[in-house]
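Mapped onto mature numbering (1 follows the signal peptide of the UniProt record, and there is no 0), the consecutive letters of the sequence shown carry residue numbers -21 to -1, 1 to 85. For glycine and all other residues, C-beta sits at the position ideal for the given N, C-alpha and C. For clarity, every value in this text was computed on a predicted model and none was experimentally measured.
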Amino acid sequence: MKTLLLLVALMFCCCISRLDAVSVNRCRCFRTVIRPVPAEVVKRIEVIPASGSCRRTEILIFRRSGSIVCVDPEAKWFPELLETLQRRNSPLSSTALPPTVSTTDF
């Protein structure tokens, strides 16, 4: 009887902890855009790596209008958008050092 009670209590604790983890944090993107987003409308880009609360990498583009667009991390146009934004925001100088390249696995 004690073993059965202990087993039921253990299962209950596991279920409660699992429900808590699922309900607190979820993926922010339910669908992604296919069309490229023009660089002129981009205010900010946020990359959220995969985690326990969401199994996929999410890329959110915050537009100047206030809307948020989710982008598929595999979108072929996204690296070009990043390059355009980096060129637009980098100061022009003939003595500038080349940028450091850092890679992140998504």
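DSSP three-state assignment for residue i, whether helix, strand or coil
{"i": "residue 37", "result": "strand"}
{"i": "residue 42", "result": "strand"}
Limits of the unbroken beta strand (DSSP E) element including residue i
{"i": "residue 25", "result": "21 to 27"}
{"i": "residue 16", "result": "Premise fails: residue 16 is in no beta strand (DSSP E) and is neither H nor E."}
{"i": "residue 49", "result": "47 to 50"}
Exposure of residue i, with buried meaning 16 or more beta-carbon neighbours within 10 Å
{"i": "residue 13", "result": "exposed"}
{"i": "residue 74", "result": "At residue 74 the pLDDT is 44, less than 50, meaning the model places this residue with poor confidence; the figure from the coordinates comes in the next sentence. Result: exposed."}
Pairwise C-alpha distance: residue j and residue i
{"i": "residue 61", "j": "residue 24", "result": "9 Å"}
{"i": "residue 69", "j": "residue 41", "result": "20 Å"}
{"i": "residue 17", "j": "residue 8", "result": "20 Å"}
{"i": "residue 28", "j": "residue 67", "result": "25 Å"}
{"i": "residue 30", "j": "residue 47", "result": "21 Å"}
{"i": "residue 20", "j": "residue 59", "result": "15 Å"}
{"i": "residue 55", "j": "residue 45", "result": "24 Å"}
7 Å Cβ shell around residue i - same chain, five flanking residues per side excluded
{"i": "residue 5", "result": "32, 33"}
{"i": "residue 95", "result": "Look at the range of the chain in this structure, -21 to 85, and you will see that residue 95 is not part of it."}
Cβ-based neighbour list, residue i, same chain, cut-off 8 Å, excluding 5 preceding and 5 following
{"i": "residue 50", "result": "11, 12, 16, 38, 39, 40, 57"}
{"i": "residue 22", "result": "41, 42, 43"}
Own chain, CB closer than 6 Å to residue i, minus 5 neighbours either side, in chain order
{"i": "residue 26", "result": "38"}
Where the alpha helix (DSSP H) containing residue i begins and where it ends
{"i": "residue 11", "result": "Unbroken run through residue 11: none, as it is neither H nor E."}
{"i": "residue 59", "result": "57 to 68"}
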